[in-house]
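Peer 1: Below are the C-alpha cells for one structure; questions will follow.
Number of protein chains: 2
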Amino acid sequence: MSKEITENKNKRIMLTVAYDGTAYHGFAFQENVRTVEGILNDNISILVGENVEVIGASRTDAGVHAYGNIVVFDTVSTIPADRFAPALNSKLPEDIRIMDSCQVPDGFHPRKCYSEKTYEYRILNTKTPVPTKRQYTWHCSYPLDAEKMNKAAHFLVGEHDFTSFCNVETQAISHVRNIISTDVFRHGDEIVIRIVGNGFLYNMVRIIAGTLMQIGRGKNEPEDICKMLEAQDRTVAGPTAPPQGLFLVKYEFPKGSRVNKDSEN
Amino acid sequence: MSKEITENKNKRIMLTVAYDGTAYHGFAFQENVRTVEGILNDNISILVGENVEVIGASRTDAGVHAYGNIVVFDTVSTIPADRFAPALNSKLPEDIRIMDSCQVPDGFHPRKCYSEKTYEYRILNTKTPVPTKRQYTWHCSYPLDAEKMNKAAHFLVGEHDFTSFCNVETQAISHVRNIISTDVFRHGDEIVIRIVGNGFLYNMVRIIAGTLMQIGRGKNEPEDICKMLEAQDRTVAGPTAPPQGLFLVKYEFPKGSRVNKDSEN
Numbered sequence: 080m081s082k083e084i085t086e087n088k089n090k091r092i093m094l095t096v097a098y099d100g101t102a103y104h105g106f107a108f109q110e111n112v113r114t115v116e117g118i119l120n121d122n123i124s125i126l127v128g129e130n131v132e133v134i135g136a137s138r139t140d141a142g143v144h145a146y147g148n149i150v151v152f153d154t155v156s157t158i159p160a161d162r163f164a165p166a167l168n169s170k171l172p173e174d175i176r177i178m179d180s181c182q183v184p185d186g187f188h189p190r191k192c193y194s195e196k197t198y199e200y201r202i203l204n205t206k207t208p209v210p211t212k213r214q215y216t217w218h219c220s221y222p223l224d225a226e227k228m229n230k231a232a233h234f235l236v237g238e239h240d241f242t243s244f245c246n247v248e249t250q251a252i253s254h255v256r257n258i259i260s261t262d263v264f265r266h267g268d269e270i271v272i273r274i275v276g277n278g279f280l281y282n283m284v285r286i287i288a289g290t291l292m293q294i295g296r297g298k299n300e301p302e303d304i305c306k307m308l309e310a311q312d313r314t315v316a317g318p319t320a321p322p323q324g325l326f327l328v329k330y331e332f333p334k335g336s337r338v339n340k341d342s343e344n
Numbered sequence: 080m081s082k083e084i085t086e087n088k089n090k091r092i093m094l095t096v097a098y099d100g101t102a103y104h105g106f107a108f109q110e111n112v113r114t115v116e117g118i119l120n121d122n123i124s125i126l127v128g129e130n131v132e133v134i135g136a137s138r139t140d141a142g143v144h145a146y147g148n149i150v151v152f153d154t155v156s157t158i159p160a161d162r163f164a165p166a167l168n169s170k171l172p173e174d175i176r177i178m179d180s181c182q183v184p185d186g187f188h189p190r191k192c193y194s195e196k197t198y199e200y201r202i203l204n205t206k207t208p209v210p211t212k213r214q215y216t217w218h219c220s221y222p223l224d225a226e227k228m229n230k231a232a233h234f235l236v237g238e239h240d241f242t243s244f245c246n247v248e249t250q251a252i253s254h255v256r257n258i259i260s261t262d263v264f265r266h267g268d269e270i271v272i273r274i275v276g277n278g279f280l281y282n283m284v285r286i287i288a289g290t291l292m293q294i295g296r297g298k299n300e301p302e303d304i305c306k307m308l309e310a311q312d313r314t315v316a317g318p319t320a321p322p323q324g325l326f327l328v329k330y331e332f333p334k335g336s337r338v339n340k341d342s343e344n
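One line per chain: the protein sequences are A and B, in this order.
Heads up: the first sequence begins at 80 in our numbering, then just goes up one per residue.
Heads up: the second sequence begins at 80 in our numbering, then just goes up one per residue.
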C-alpha cells in the first residue's frame with residue numbers, strides 16, 4: 080500500500096439515492112439477485128478501489144421506488160465528497176441515480192440518527208389502467224373520495240400503536256410510532272397519499288394506503304380508522320397495497336449532519 | 080361456415096389504444112419484432128376467431144407512447160362494440176390497454192378522415208435524471224425558460240411549410256401542415272409541450288421539441304423560429320428530441336364518426 084493511501088484518513092460519505100425499483104429484488108443485499116444495495120456496493124468499490132459495503136437508511140421492498148433513500152460508507156478515497164454523485168452516475172445503470180453526495184460526521188448512522196421520512200403512495204383512479212403508469216401506481220377503477228381519505232389519514236397523526244398497520248412478520252419490539260403529518264389529495268388522475276414520520280413499521284405505509292383506498296371507495300368511514308388503531312390487530316385494517324405505488328421521497332436529518340458547508344438537509 | 084356466421088354482417092370497430100412504447104419497435108407491424116400493431120392483430124384475431132389486420136391512425140416510432148392512438152378493423156363477431164375493450168384487456172400484455180371501443184360507419188378510415196391530434200412532449204428539467212421518469216421524459220439539466228419556449232411555439236400556429244421541422248426521409252409530397260394550437264408550460268419538474276394539429280410530418284413534434292429546448296436554454300430566441308420556418312431547410316432547426324418524451328395524447332374526429340349513441344368524440 081502506498082504511503083499516500085495509508086496517510087489518507089477515512090471519511091464517511093453520504094449519498095442520496097433515487098431508483099426505479101421495478102427491476103430490483105428490493106434495496107437490501109441478497110446473494111445472486113439484483114438489489115440496489117448490491118449494485119451500489121459493486122460500483123462504489125470499483126470507483127474507490129476498496130471493498131465498500133454501504134449502510135442504507137431504508138430497506139425498501141421489491142418494486143418500491145425512491146427519490147431520496149440514503150446510504151453512507153467509509154472510504155480513504157481522495158475524491159471530493161461532492162464528486163461522488165457524478166462519478167457514480169457515469170457507472171451506475173440508468174435506473175439508479177445519485178442525486179447528491181456529501182461528507183457526514185464519522186459516527187453518522189442513517190438508521191440510528193433521528194430523521195423525518197417522507198413517503199408517497201400513488202393510486203391511479205381511472206376506469207382503465209394507463210400503461211405508462213403501471214409500474215408507478217396502484218390502479219383502482221372505483222371512484223375514490225380523496226377528501227374522505229384525507230380526513231381518515233389525519234387521524235393517524237401523532238404517537239400511536241400501529242400494530243393494526245404492520246405486517247405480522249415484523250421484528251420490531253415496539254409498535255409505537257409517531258406520524259408527523261399526512262396529506263391526501265387528487266393530482267390529475269392520481270390520488271397521492273403523503274405521510275411524514277420519524278419511523279415506520281414493516282409495510283406500514285402500504286397497509287395505510289390499502290386502508291385509505293377502502294375508505295375512499297366507501298367500504299369504511301374515516302372515523303373507522305380510530306377503531307382500527309385501538310384494536311391493535313392487523314386483521315381489522317385494509318389490505319397491503321402493492322409495492323409499485325410506493326415512493327420513498329426524502330429523508331431529513333437534523334442540521335449539522337453534513338460536513339460540507341454548501342448544503343443543508 | 081355456420082349459417083349464423085355467414086349471416087352476420089361485417090361491422091367496423093374503432094379502438095382507442097394506450098401503450099407504453101418502451102418495449103416495442105414502434106406501432107407499425109414488422110415481421111419478427113414486437114410491434115403494437117402486431118400484438119393487436121394477434122389478440123383481436125384470437126378473440127374474434129377471424130384473421131384481423133387493424134388500420135392504425137398513427138404509426139408512432141419505437142419508444143413513443145400513446146394514451147389514445149386509434150385503430151379500426153372489420154369483424155363479423157357478435158361481441159357488442161363496447162365489450163371489445165374489456166375483452167381485449169383480459170388478453171393483452173399490461174403495456175397495451177384498450178381505453179374505449181365503439182362501432183364506426185363502415186367506410187370510416189382513421190387516416191383519411193379529418194382529425195385533430197394532440198401530442199405532448201415532456202422534458203425533465205432537473206440537475207440529475209430521475210430514474211422512474213427515464214422512459215417517459217427527455218432529461219435536460221440546463222435551466223429552461225418555459226415562457227420563452229411557449230412564445231416560440233405560438234409562432235408555429237397556423238398553416239406553414241414545415242420542411243425545416245421534418246425528417247429528410249419523409250415521403251410526404253406536401254410539407255404544409257396546419258397547427259391548431261400550442262401550449263408550453265412547467266408542470267412540477269417537467270416542461271410539457273402540447274401541440275394540436277390536423278396532420279404532422281415525420282418526426283415533426285420531436286424536431287419542434289428539440290428546437291424549443293434550444294430556445295429554452297438560450298441558444299436561440301423565440302423569434303428565430305419564424306426564420307427557421309421560412310428557410311425550409313432541416314439543418315436550420317434544432318435536434319430531433321429522443322422518442323421516449325413523446326406521447327400521442329388523443330385523436331378527435333368530427334361528430335358522427337361513431338355509431339354508438341352513448342359517446343361523443
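Where a beta carbon is used, it is the ideal one built from N, C-alpha and C, also for glycine.
1. If I follow the unbroken beta strand (DSSP E) through Ala97(B), where does it start and stop?
2. Which partner residues of Ile177(A) appear in the DSSP bridge assignment?
3. List the endpoints of the continuous alpha helix (DSSP H) containing Phe264(B).
4. Residues of the region 195-224 of chain A with a CB closer than 7 Å to any CB of chain B: list them in chain order, please.
5. For His188(B), is the classification buried or exposed, using 16 other Cβ atoms within 10 angstroms of its Cβ as the cut-off for buried?
6. List the residues that DSSP assigns as beta-bridge partners of Ile304(B).
7. Since Met200(B) sits in a beta bridge, which residues does DSSP pair it with?
8. Residues of chain B with a CB under 7 Å from the CB of Met178(A): which are they?
9. In chain B, which residues lie with their C-beta within 9 Å of the C-beta of His144(A)?
10. Exposed or buried, what is Cys245(A) when buried is set at 16 or more other beta-carbons lying within 10 Å of its beta-carbon?
11. Less than 7 Å between the beta carbons of Gly100(A) and Val143(A), yes or no?
12. Can you give the Cα-Cα distance for Glu116(A) and Ile134(B), rounded to whole angstroms?
13. Nearest-angstrom Cα distance between Lys206(B) and Tyr221(B)?
14. Quick one: what does DSSP say Lys334(A) is sitting in, helix, strand or coil?
15. Can you give me the start and stop residues for the beta strand (DSSP E) that Ile158(A) sits inside?
16. May I ask you to report which of helix, strand or coil DSSP gives Glu309(A)?
17. Does the structure place the region 164-183 of chain B close enough to the region 232-240 of chain A that three or more beta carbon pairs sit under 8 Å?
18. Can you pull the chain A neighbours of Tyr98(B), defined as C-beta to C-beta under 9 Å?
19. Put Asn229(A) into one of helix, strand or coil per three-state DSSP.
20. Have a look at Met283(A), Ser243(A), Asn89(A) and flag the residue whose alpha-carbon is nearest the alpha-carbon of Val183(A).
21. Out of Ala145(B), Ala141(B), Phe163(B), which one is the CA nearest neighbour of Val151(B)?
22. Would the beta-carbon of His218(B) fall within 7 Å of that of Pro208(B)?
23. Just the chain B side, please: which residues come within less than 7 Å of Ile118(A) by C-beta, in chain order?
24. Let's see if you can read the secondary structure: which residues bound the alpha helix (DSSP H) around Gly128(A)?
25. Counting beta carbon pairs with one atom in the region 317-326 of chain A and one in the region 118-137 of chain A, are three or more of them shorter than 8 Å?
26. If you draw a straight line from the C-alpha of Ile286(B) to the C-alpha of Ala316(B), how long is it?
27. Specify the secondary structure class of Gln293(A) as computed by DSSP and reduced to three states.
28. Of all Cβ atoms in chain A, is any one closer than 7 Å to the Cβ of Glu173(B)?
29. With burial defined as no fewer than 16 other Cβ atoms inside 10 Å of the residue's Cβ, what is the status of His239(A): buried or exposed?
30. State the beta-bridge partners of Glu195(B) as determined by DSSP.
31. Compare the C-alpha of Ala97(B) against each of Tyr146(B), Asn277(B), Asn111(B) and name the closest.
32. Would you identify the three-state DSSP class for Phe152(B), choosing helix, strand or coil?
33. When you compare the region 195-203 of chain B with the region 263-272 of chain B, are there three or more beta-carbon pairs, one atom per stretch, that lie closer than 8 Å?
34. What number of angstroms, rounded off, separates the C-alpha of Thr114(A) from the C-alpha of Ile149(A)?
35. Run the CB neighbour count on Thr95(B), radius 10 Å, all protein chains shown included, and call it buried at 16 or more, exposed below.
Peer 2: Reading it off the structure:
1. 90-98
2. Val96(A)
3. Looking at the DSSP string, Phe264(B) is not in any alpha helix (DSSP H); the run it does join, the beta strand (DSSP E), is 255-266.
4. Thr207, Pro208, Val209, Pro210, Thr211, Arg213, Tyr215
5. exposed
6. Bridge partners of Ile304(B): none, in fact.
7. Position check: residue 200(B) holds Tyr in this sequence, whereas Met was assumed. DSSP, once it has assigned bridges, lists Ile272(B), Leu325(B) as partnering Tyr200(B).
8. Thr207
9. Pro210, Thr211
10. buried
11. yes
12. 47 Å
13. 8 Å
14. coil
15. No beta strand (DSSP E) contains Ile158(A), which DSSP labels as neither H nor E.
16. helix
17. no
18. Pro210, Thr211
19. helix
20. Asn89(A)
21. Phe163(B)
22. yes
23. Per Cβ cutoff of 7 Å: no residues; Ile118(A) is ~12 Å from chain B at best.
24. Looking at the DSSP string, Gly128(A) is not in any alpha helix (DSSP H), and its letter there is neither H nor E.
25. no
26. 7 Å
27. helix
28. yes
29. buried
30. Glu331(B)
31. Tyr146(B)
32. strand
33. yes
34. 15 Å
35. buried
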